[in-house]
Structure formats: C-alpha cells, structure tokens
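Novice: Structure incoming, see below.
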Amino acid sequence: MAGTPLLQVTELKQHFRMSSKYTVKAVDGVSFEIRTGETYGLVGESGSGKSTIGRSIIRLYEPTSGEITFEGTDISGNLNRKELRLLRTKMQMIFQDPMACLNPRKKVIDIIAQGLDIHKLYSSKQERTEKVYRILDKVGLSREHANRYPHQFSGGQRQRIGIARALIMEPRLIIADEAISALDVSIQAQVVNLLKDIQEETGIALLFIAHDLSMVKYISDRIGVLHLGHMVETGTTQDIFDNPIHPYTKSLLSAIPHANPVKEKSRVAIAYDYATSGIDYGKGVQHQVSDTHSVLATEEELQAWTAG
Ligand SMILES: Nc1ncnc2c1ncn2[C@@H]1O[C@H](COP(=O)(O)OP(=O)(O)OP(=O)(O)O)[C@@H](O)[C@H]1O
Ligand SMILES: [Mg+2]
C-alpha cells in the first residue's frame with residue numbers, strides 16, 4: 000500500500016503534570032503509522048498508555064509534544080472548529096464498556112443517530128431513520144431494535160450498537176479501545192469478525208487496542224507493543240508472533256493460552272519485570288530488524304536478545 004499513511008504519529012509525548020514535583024509520562028515518544036484499510040493492533044498491560052494514545056489522536060488531549068498527521072494534515076497543533084468537526088466525524092471511537100457510554104434513557108435509534116444530529120447530516124427525519132436502519136442491518140441487529148433501550152440488550156449486542164454509532168458517521172479510522180475485552184470469548188470472536196467484514200466492505204482503518212495478544216492476532220495486519228509509555232516493538236503480525244525480540248513481547252506471547260489442552264498444560268508464562276530487568280527504555284533507540292520490524296533497544300541489548 001503506497002502513498003501517505005492515513006494516520007502518522009511521530010514521537011508523541013503525552014505527559015500529565017500532577018504537581019510541581021511529579022509528572023506522569025503516560026506516553027513518552029511513540030511513533031507509528033496506520034494505512035488506509037489497515038488494522039493496527041496496539042497492545043500492552045494496564046497503564047502502558049494505550050488509551051492515552053487513542054485520546055491524543057482523537058484530540059481529547061493537547062499533545063505535550065510530537066506530531067500527529069491525519070490524511071496528510073497536521074492535527075497536533077491548535078485546531079479551528081471546522082478542523083475539529085472534521086476529526087469528530089472522520090475518526091470514531093468504540094469503548095470498552097458500551098453500557099457506560101450508551102445513555103440509558105435514550106432509545107437505540109437516537110443513540111445511533113447522535114452524531115448525525117450533532118453534525119446535521121440528514122435532510123429529513125425519514126432519511127435519518129433510513130440511515131439508522133441501514134447501519135443496524137450492517138452490524139447484525141434488526142429494525143425492531145431501534146426503539147428499545149440499552150438495558151434490553153446483551154453485552155455483545157450493546158457493543159454492536161457502539162459500532163453502529165461509530166459507523167454511521169462513515170469514518171476513515173475507528174479507534175476500538177478494549178472494545179471486546181469485557182465480552183465472553185465466543186462473543187469476542189463474533190465482534191472481531193463483524194469488524195473484519197465491515198472493514199473489507201468499507202476500507203476503514205482500525206486502531207485496535209487490547210491488553211493481550213490473543214484476539215489481536217486475528218484482526219491485526221501490524222502490531223505495536225507498548226510498555227510504560229514506550230513502543231518497545233513493532234512489526235507485522237507475523238514478525239511479532241514468529242520472531243519476537245523484546246523480552247516484554249515474549250512475556251505477552253507466553254501469556255496466551257493454547258487452544259490445545261495438551262499444549263496448554265506445558266505452557267510456561269515468561270515473567271518480565273522492568274524494574275529488575277536492567278533495561279532502560281530511555282537509553283534504547285528504535286532498531287530496524289527488517290523493513291517491517293523494529294525494536295527499542297541499546298546495541299548491547301539487541302545483541303543479547305538476538306543471540307542464539
Ligand atoms: N488524565 C490523566 N491524568 C493523569 N494521569 C493519567 C491521565 N490519563 C492517564 N493517566 C496515567 O497515564 C498512564 C497510562 O494510562 P492509560 O489509561 O493510557 O493506560 P492504558 O494502557 O489504557 O491502561 P488500561 O489497560 O488499564 O486501560 C497511567 O499511569 C495513568 O494513570
Ligand atoms: Mg485503557
């Protein structure tokens with residue numbers, strides 16, 4: 000896929016100043032890009048900065064430093080109302096807990112049409128209803144669902160409502176922040192398949208955020224592994240799964256349960272503790288292992304990790 004990436008994040012820093020003495024460096028110099036129609040999986044443990052990255056991209060925060068470009072336009076500086084409005088349509092977010100972000104007193108039709116209402120994207124009530132029906136259909140819900148309330152749905156269905164609400168804006172990028180983490184494994188697979196189908200049909204790019212690698216494997220073209228605000232390894236899904244280099248990536252991989260119970264019995268989880276590892280992310284630089292694969296390390300670390 001040639002040409003300018005849809006989204007380019009360069010050396011993004013998002014620091015939160017808590018007091019005169021203490022600053023949380025939630026994101027500390029992260030770079031990656033997402034191409035049109037691509038799914039980028041962002042993984043890392045709790046507190047690694049995943050949501051902060053998503054929120055910085057969608058401009059809920061003012062980035063401390065670094066650059067974010069979307070469709071070739073720098074969106075990291077001050078934005079005027081028109082630019083911000085464009086972003087709020089072309090990028091959409093799906094959240095972990097749909098119940099928390101679906102207004103319980105609103106009917107599904109009004110929840111899904113909210114973005115249309117805000118941006119006045121229809122010329123008649125009928126057009127609005129038609130648009131909602133079409134999207135309900137696309138996410139595997141039915142028209143009868145339109146007049147119900149969020150509490151009348153299962154977790155998986157609610158997540159479909161969240162997806163419908165994003166899709167109706169015809170975005171170019173969807174940021175799915177732990178969108179399926181709260182669902183049963185079987186329902187997770189359904190929602191992942193739904194997202195894949197939609198992507199095939201529409202060419203939407205997806206930033207898929209998760210704390211482990213299990214589902215990320217099935218949906219991502221490329222993966223970024225985040226730890227303590229640093230991107231420690233990036234590569235194609237194959238690079239990450241077949242040739243992991245960073246010890247943190249290896250520990251994440253070792254945490255994935257095997258479907259095969261015999262193999263699962265002999266699975267050994269590899270522990271990774273930054274504090275005692277002797278690794279200093281501040282000293283490492285991005286080393287290109289191949290065209291698609293890079294790792295954050297010092298020369299010595301890289302040699303040690305790739306030896307044998
Ligand atoms: N608005 C904020 N003010 C201060 N600190 C923040 C703020 N938002 C996030 N943080 C801190 O930044 C770090 C990264 O948080 P973030 O929510 O991005 O992590 P995460 O990877 O999404 O974690 P989780 O998997 O638990 O959702 C954490 O230490 C968090 O406490
Ligand atoms: Mg988060």
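Heads up: the sequence shown runs through residues 0 to 307, numbered per numbering that gives the first Met the number 0.
Backbone N, C-alpha and C define an ideal beta-carbon position, used for all residues, glycine too.
1. Sort LEU227, THR201 and ILE208 by Cα distance to ILE218 and report the nearest one.
2. Sort out for me which residues DSSP pairs MET92 with in a bridge.
3. Return the chain-ordered list of same chain residues with a C-beta closer than 7 Å to the C-beta of SER141, the five sequence neighbours on each side being excluded.
4. Who are the Cβ neighbours of ASP211 in its own chain at under 8 Å, not counting the five residues just before and after it?
5. Beta strand (DSSP E) containing GLU203: first to last residue?
6. Roughly how many whole angstroms lie between the Cα atoms of GLU177 and ALA306?
7. Have a look at the DSSP bridge pairing and note the partners of LEU6.
8. State the CB to CB distance for the pair SER47 and LEU225, rounded to an integer number of angstroms; the pair is presumed to be in contact (CB under 8 Å).
9. How many Å lie between LYS137 and ASP96 at the Cα?
10. Just verifying my parser: in three-state terms, what is the DSSP assignment at SER141?
11. Less than 8 Å between C-beta atoms, sequence neighbours within five positions excluded: which residues of the same chain meet that for PRO170?
12. In terms of alpha-carbon separation, which member of THR9, LEU11, VAL23 and PHE31 lies closest to THR235?
13. Quick one: Cα of LYS81 to Cα of ILE74, how far?
14. Do ASN146 and ILE108 have their beta-carbon atoms positioned less than 8 Å apart in this structure?
15. Count the C-beta pairs between the stretch 152 to 172 and the stretch 185 to 205 that are closer than 8 Å, then say yes if the count reaches three, no if not.
16. Between the C-alpha atoms of MET168 and SER64, what's the straight-line distance to the nearest angstrom?
17. Report yes if the CB atom of GLY154 is closer than 8 Å to the CB atom of ILE186, and no otherwise.
18. Ligand 2 and LYS24: does the residue's C-beta get closer than 7 Å to at least one heavy atom of that ligand?
19. Answer with buried or exposed for PHE15, where buried requires no fewer than 16 other C-beta atoms within 10 angstroms of its C-beta.
20. If you follow the alpha helix (DSSP H) that ALA165 is in, where does it begin and where does it stop?
21. If you draw a straight line from the alpha carbon of ILE57 to that of VAL261, how long is it in whole angstroms?
22. Rounded to a whole number of angstroms, what is the C-alpha to C-alpha distance between PRO246 and SER50?
23. Does the Cβ of MET230 have 16 or more other Cβ atoms within 10 Å, making it buried, or fewer, making it exposed?
24. What does a CB cutoff of less than 6 Å around GLN7 pick up in its chain, not counting 5 residues either side in sequence?
25. If you follow the beta strand (DSSP E) that GLY234 is part of, which residue opens it and which one closes it?
26. In the DSSP output, which residue or residues are listed as bridge partners for ARG16?
27. Mind checking GLY76: buried by the 16 CB within 10 Å criterion, or exposed?
Specialist: Concretely, from the data shown:
1. Translated into positions along the sequence shown, residue 218 becomes position 219. Of LEU227, THR201 and ILE208, the residue nearest in Cα terms is ILE208.
2. Position 93 of the sequence shown, counting from 1, holds the residue named residue 92. Paired residue(s): ILE174.
3. Along the sequence shown, one-based indexing puts residue 141 at 142. Taken in chain order, the residues that qualify are LEU135.
4. Indexing the sequence shown from 1 puts residue 211 at position 212. Contacts found: VAL42, LEU251, ALA254 and ILE255.
5. In the sequence shown, counting from the first residue as 1, residue 203 sits at position 204. Looking at the sequence itself, residue 203 is Ile, so the reference to Glu does not match. Segment: none, ILE203 is in no beta strand (DSSP E) and carries neither H nor E.
6. Along the sequence shown, one-based indexing puts residue 177 at 178. Along the sequence shown, one-based indexing puts residue 306 at 307. About 35 Å.
7. As a first step, residue 6 is located in the sequence shown; it is residue number 7 there, counting from the start. Paired residue(s): ILE33 and PHE69.
8. Locating residue 47 in the sequence shown gives position 48, counting from the first residue. Locating residue 225 in the sequence shown gives position 226, counting from the first residue. Rounded, the Cβ-Cβ distance is 5 Å, consistent with contact.
9. For this step, residue 137 is matched to residue 138 along the sequence shown. For this step, residue 96 is matched to residue 97 along the sequence shown. When rounded, the distance between both Cα atoms is 21 Å.
10. Start at 1 with the first residue of the sequence shown, and residue 141 comes out as number 142. The answer is coil: DSSP assigns SER141 none of H, G, I, E or B.
11. Within the sequence shown, numbered from 1, the residue matching residue 170 stands at position 171. Here the set comprises THR88, LYS89, MET90, GLN91 and ILE203.
12. What you label residue 235 is simply residue 236 of the sequence shown in a count that begins at 1. Per the Cα distances, PHE31.
13. Position 82 of the sequence shown, counted from the start, is the residue given in the question as residue 81. Position 75 of the sequence shown, counted from the start, is the residue given in the question as residue 74. Distance between the alpha carbons of LYS81 and ILE74 is about 12 Å.
14. For this step, residue 108 is matched to residue 109 along the sequence shown. For this step, residue 146 is matched to residue 147 along the sequence shown. In this structure, ASN146 lies closer than 8 Å to ILE108 by Cβ.
15. yes
16. In the sequence shown, the residue the question calls residue 168 occupies position 169. In the sequence shown, the residue the question calls residue 64 occupies position 65. About 29 Å.
17. Counted from its first residue, the sequence shown places residue 154 at position 155. Counted from its first residue, the sequence shown places residue 186 at position 187. Yes. Within cutoff.
18. Working through the sequence shown from its first residue, we reach residue 24 at position 25. No, Cβ of LYS24 sits at least 7 Å from all heavy atoms of ligand 2.
19. As a working note, residue 15 is residue 16 in the sequence shown. Its Cβ having fewer than 16 others within 10 Å, PHE15 is exposed.
20. The count along the sequence shown starts at 1 and reaches residue 165 at position 166. Unbroken alpha helix (DSSP H) run through ALA165: 154 to 166.
21. Counted from its first residue, the sequence shown places residue 57 at position 58. Counted from its first residue, the sequence shown places residue 261 at position 262. Going from the Cα of ILE57 to the Cα of VAL261 covers about 44 Å.
22. Against the sequence shown, residue 246 aligns to sequence position 247. Against the sequence shown, residue 50 aligns to sequence position 51. Roughly 23 Å separates the two Cα atoms.
23. The count along the sequence shown starts at 1 and reaches residue 230 at position 231. So MET230 ends up on the buried side.
24. Counting from 1 along the sequence shown, the entry for residue 7 is found at position 8. Around GLN7: GLU32 and THR68.
25. Along the sequence shown, one-based indexing puts residue 234 at 235. Segment 229 to 235, the beta strand (DSSP E) holding GLY234.
26. Here the question's residue 16 lines up with position 17 in the sequence shown. THR22.
27. Position 77 of the sequence shown, counted from the start, is the residue given in the question as residue 76. Classification for GLY76: exposed.
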